[in-house]
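Since the structure comes first, as structure tokens, the remarks are kept for the end.
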Amino acid sequence: MQLSAELSKLANAVHQHGGQTIIVGGSVRDYLLGRLHPKDLDLEVYGLEANELEKVLSQFGKVLRVGKSFGVLKLITQRAEYDVSLPRRESKTGKGHRGFLVDADPRMTFEEASARRDFTVNSIGFDPIQNLWLDPHRGQEDLKKGILRHVGPAFAEDPLRVLRGAQFAARLNFQLAPETLELCQTLDLNELSRERLLGEFNKLLLRAERPSIGLAILRETKALRFFPELEALIDVPQDPTWHPEGCVWTHTLMVVDEAAKLRIGEEKADLILMFGALCHDFGKPETTIWKDGHWRSPAHDVLGMKPTEKFLRRLTDEASLIEKVTVLVREHLRPSMLYNDREKVTPGAIRRLALRVSIPELLLVAEADHFGRTTEDALRREFPARKWLLDQASQLDVHDEKPKPFLQGRHLLKLGMRPGPEIGKVLKEAFALQLDGAIINLEEAKTWANQRLNS
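To convert a position in the sequence shown, counted from 1, into this note's numbering, add 980.
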């Protein structure tokens, strides 16, 4: 494993003080998979007490005590950041990820410490002084086979590892070992905090090329029972005319994979897109009926808002994210509806849409929804509604931001109106005319208001 000069010096300094530096975690796994060498590394140091280790590290940069009681330090140098920890013994004492008794113990062996890792592929270490791979749990064999296998019984002490298994499976394109799948089916996710749940969903939705793999794992591990809005999608029928691919669950898996292709690398924007794609058909389980020889889901866009909000509130309290995703769910059919009726669509309809939702964000979800099926036009990668609606929005100057009213309350006060509820009514009328194109600038708005007040 190739090391930077800085890391080699650090490992030698630890060695000279009687310690042993082991590179651990995802960086080792990713290196063995042939991925780019990461800038930031996780290190475990054996044979040194915390205070002595801190003195050694301080020669190389700034040392932060991230969790000194657990023996965890962060070293920040000019070239990189290192999370440095002492090996530790953990024993389960209660529920949740805080229900552990943790004692740093530099006298532990690597085999003992690595036994508390989640998967064998994450339990591999590298000793840079001896140029030696440490693999007591045969993680390299599982890497070659594409298998996620739990290291040992300690795996069951943290139910979050079910979600970690799902997101790792999706990111690495691995499968769960049968015994690991069976163990995951017994774990209770109810004790997990929102923050920890969201962290794993973020990794699944933002880092995996095919998030559907992870969602399928959640189904196989029976973890969907803790996310009833997702579980409800399974086996909900769709009309083969519009959805020959199958049920709503199958469609949703295809949609999230399509959405993953549209990510731009900005976490907030990508998260809105991915959750919008994941939740877009949450209204179908409640609304799907057989009518006139077809499966139909009337008003599933609007009725999908409530289950979307309920699902997201179990993951986060970020109001902006919840609001934007629920609005995308409500509006996700609109681009195709407008395009199909484009000969009759007025500029006012486009402006009002821009008032309710970001048109570029909406079109990403709509595009993923359109291509996440096996209709002929989807297979031909045709979605003309995207270009048409973007062109319309650009022509009306509502592509990047929602329309803003020309007329403000201060203008009405200058025209002699007294403060009161009537001002709000007049402003609402003026803005409606503006959206319809009957008022095109502030001067026209003032003229209209003056006539309105004197009529």
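Even glycine gets a Cβ: it sits at the ideal position worked out from N, Cα and C.
These figures come from a predicted structure and were not determined experimentally.
How is the alpha helix (DSSP H) around His1274 delimited, first residue to last?
In the sequence shown, the residue the question calls residue 1274 occupies position 294. Per DSSP, His1274 belongs to no alpha helix (DSSP H); it is in the beta strand (DSSP E), His1274 to Arg1276.
Does the distance from the C-beta atom of Pro1265 to that of Val1216 stay below 9 Å?
Looking up residue 1265 in the sequence shown gives position 285. Looking up residue 1216 in the sequence shown gives position 236. Cβ atoms of Pro1265 and Val1216: closer than 9 Å.
Less than 9 Å between the beta carbons of Leu1186 and Leu1143, yes or no?
Counted from its first residue, the sequence shown places residue 1186 at position 206. Counted from its first residue, the sequence shown places residue 1143 at position 163. In this structure, Leu1143 does not lie closer than 9 Å to Leu1186 by Cβ.
Does the separation of the CB atoms of Arg1009 and Asn1102 fall below 9 Å?
Sequence index remark: in the sequence shown, residue 1009 carries index 29 (1-based). Sequence index remark: in the sequence shown, residue 1102 carries index 122 (1-based). Closer than 9 Å, so yes.
Can you give me the C-alpha to C-alpha distance between Gly1400 and Leu1393, rounded to a whole angstrom?
As a first step, residue 1400 is located in the sequence shown; it is residue number 420 there, counting from the start. As a first step, residue 1393 is located in the sequence shown; it is residue number 413 there, counting from the start. In a straight line, the C-alpha of Gly1400 is about 10 Å away from that of Leu1393.
Count the other C-beta atoms from every protein chain shown that fall within 10 angstroms of the C-beta of Leu1046, then say buried if there are 16 or more, exposed otherwise.
Residue numbering aside, residue 1046 sits at position 66 when the sequence shown is read from its first letter. Reading the sequence as shown, one finds Val at residue 1046 and not Leu. The residue in question, Val1046, is exposed, as its Cβ has fewer than 16 Cβ neighbours within 10 Å.
So what does DSSP say about Val1305, is it helix, strand or coil?
To locate residue 1305, count along the sequence shown from 1; it is residue 325. In the structure shown, Val1305 sits in a helix (DSSP, three-state: H, G or I).
How big is the Cα-Cα spacing for Asp1380 and Ile1127?
Indexing the sequence shown from 1 puts residue 1380 at position 400. Indexing the sequence shown from 1 puts residue 1127 at position 147. Spanning the two alpha carbons is a distance of roughly 45 Å.
Roughly how many whole angstroms lie between the Cα atoms of Arg1331 and Asn1430?
Residue 1331 sits at position 351 when you count from the first residue of the sequence shown. Residue 1430 sits at position 450 when you count from the first residue of the sequence shown. Taking the straight line from one Cα to the other gives about 25 Å.
Along the chain, where does the alpha helix (DSSP H) containing Leu1123 start, and where does it finish?
Position 143 of the sequence shown, counted from the start, is the residue given in the question as residue 1123. Leu1123 -> alpha helix (DSSP H) spans Gly1119 to Lys1125.
Using CA coordinates, which residue listed in Ser1065, Asp1122 and Arg1353 is at the minimum distance from Leu1033?
Your numbering for residue 1033 matches position 53 in the sequence shown. That would be Ser1065, whose Cα lies nearest to the Cα of Leu1033.
Whole angstroms are fine: how far does the CA of Tyr1026 sit from the CA of Thr1089?
Start at 1 with the first residue of the sequence shown, and residue 1089 comes out as number 109. Start at 1 with the first residue of the sequence shown, and residue 1026 comes out as number 46. Approximately 8 Å between the Cα atoms of the pair.
Are the beta-carbon atoms of Lys1035 and Leu1055 separated by less than 9 Å?
As a first step, residue 1035 is located in the sequence shown; it is residue number 55 there, counting from the start. As a first step, residue 1055 is located in the sequence shown; it is residue number 75 there, counting from the start. It is not a contact, given that the beta carbons lie outside the stated cut-off.
Looking only at its chain, what residues have a beta carbon closer than 8 Å to the beta carbon of Gln1039, apart from the 5 residues adjacent to it on each side?
For this step, residue 1039 is matched to residue 59 along the sequence shown. Counting only Cβ-Cβ distances below 8 Å, and skipping sequence neighbours, we find Ala993.
If contacts are defined as beta-carbon pairs under 8 Å, then Gly1256 and Val1305 qualify, I think. What distance do you get, rounded to the angstrom?
One-based indexing of the sequence shown puts residue 1256 at position 276. One-based indexing of the sequence shown puts residue 1305 at position 325. Between Val1305 and Gly1256 the Cβ distance is about 5 Å, and since that is below 8 Å, they are a contact.
Going by other Cβ atoms of all chains shown within 10 Å of its Cβ, with 16 needed for buried, is Ser1277 buried or exposed?
Counted from its first residue, the sequence shown places residue 1277 at position 297. Buried.
Between the segment 1332-1347 and the segment 1271-1290, are three or more C-beta pairs nearer than 8 Å?
Contact between the segment 1332-1347 and the segment 1271-1290 is absent, because fewer than three Cβ pairs lie under 8 Å.
Would DSSP call Trp1229 helix, strand or coil?
Mapped onto the sequence shown, residue 1229 falls at position 249. Three-state DSSP puts Trp1229 in a helix.
Return the chain-ordered list of same chain residues with a C-beta closer than 7 Å to the C-beta of Leu1169, the five sequence neighbours on each side being excluded.
Locating residue 1169 in the sequence shown gives position 189, counting from the first residue. Closer than 7 Å at Cβ, skipping near neighbours: Pro1139, Val1142, Ala1203 and Phe1206.
Can you tell me which of Leu1395, His1312 and Ala1410 puts its alpha carbon nearest to the alpha carbon of Arg1366?
For this step, residue 1366 is matched to residue 386 along the sequence shown. Nearest option by C-alpha distance: His1312.
Under 9 Å between the Cβ atoms of Ser1316 and His1260?
Taking the sequence shown and counting its residues from 1, the one referred to as residue 1316 is at position 336. Taking the sequence shown and counting its residues from 1, the one referred to as residue 1260 is at position 280. The answer is no: Cβ separation not under 9 Å.
Please check the pair His1274 and Thr1221, which I expect to be a contact at CB under 8 Å, by giving their CB distance rounded to whole angstroms.
Walking along the sequence shown from the start, residue 1274 turns up at place 294. Walking along the sequence shown from the start, residue 1221 turns up at place 241. Their Cβ separation, rounded to whole angstroms, is 7 Å, which keeps His1274 and Thr1221 in contact under 8 Å.
Runs of 4 residues minimum, wholly inside the segment 1027-1056: which ones carry the alpha helix (DSSP H) assignment?
Runs of the alpha helix (DSSP H) inside the segment 1027-1056: 1030-1037.
When DSSP labels each residue in this structure, what does Val1378 get in the three-state scheme?
Position 398 of the sequence shown, counting from 1, holds the residue named residue 1378. Three-state DSSP puts Val1378 in coil, outside helix and strand.
Would you list, in sequence order, the uninterrupted beta strand (DSSP E) runs of no fewer than 3 residues that lie entirely inside the segment 1236-1302?
Taking only runs of at least 3 residues, the beta strand (DSSP E) segments lying wholly in the segment 1236-1302 are 1269-1271 and 1274-1276.
Have a look at Arg1152 and Gln1375 and give me their C-alpha separation to the nearest angstrom.
In the sequence shown, the residue the question calls residue 1152 occupies position 172. In the sequence shown, the residue the question calls residue 1375 occupies position 395. A small fix is needed here, since residue 1152 is Leu in this sequence, not Arg. Spanning the two alpha carbons is a distance of roughly 43 Å.
By DSSP's criteria, Ala1084 is part of a beta bridge. Which residues make up the other side?
In the sequence shown, residue 1084 corresponds to position 104, counting from 1. Looking at the DSSP assignment, Ala1084 forms a beta bridge with Arg1068.
For the segment 1368-1418, which segments carrying the alpha helix (DSSP H) assignment without a break, of at least 4 residues, lie completely within its bounds, in sequence order?
Fully enclosed alpha helix (DSSP H) runs of 4 or longer: 1389-1394 and 1401-1416.
Take Ala1239 and list the residues in its own chain whose beta-carbon comes closer than 6 Å to its own, dropping the five residues that flank it on each side.
In the sequence shown, counting from the first residue as 1, residue 1239 sits at position 259. Correct list, in chain order: Leu1253, Met1254, Ala1257 and Ala1348.
For Asp1371, tell me which candidate among Leu1395, Pro1340, Arg1361 and Ala1346 has the shortest Cα-Cα distance.
The count along the sequence shown starts at 1 and reaches residue 1371 at position 391. Among Leu1395, Pro1340, Arg1361 and Ala1346, the Cα nearest to that of Asp1371 is on Pro1340.
Which residue wins for smallest C-alpha separation from Glu1162, given the options Gly1051, Leu987, Arg1199 and Phe1363?
Taking the sequence shown and counting its residues from 1, one reaches residue 1162 at position 182. Out of Gly1051, Leu987, Arg1199 and Phe1363, Arg1199 has the C-alpha closest to the C-alpha of Glu1162.
Kindly give me the distance between the Cβ atoms of Leu1021 and Ser1007, rounded to whole angstroms, as I take these residues to be in contact under 8 Å.
Translated into positions along the sequence shown, residue 1021 becomes position 41. Translated into positions along the sequence shown, residue 1007 becomes position 27. With 8 Å as the limit, Leu1021 and Ser1007 qualify as a contact, their Cβ atoms being about 5 Å apart.
Work out the CA separation of Thr1355 and Leu1195 for me, nearest whole Å.
Mapped onto the sequence shown, residue 1195 falls at position 215. Mapped onto the sequence shown, residue 1355 falls at position 375. Their backbone Cα atoms lie some 23 Å apart in a straight line.
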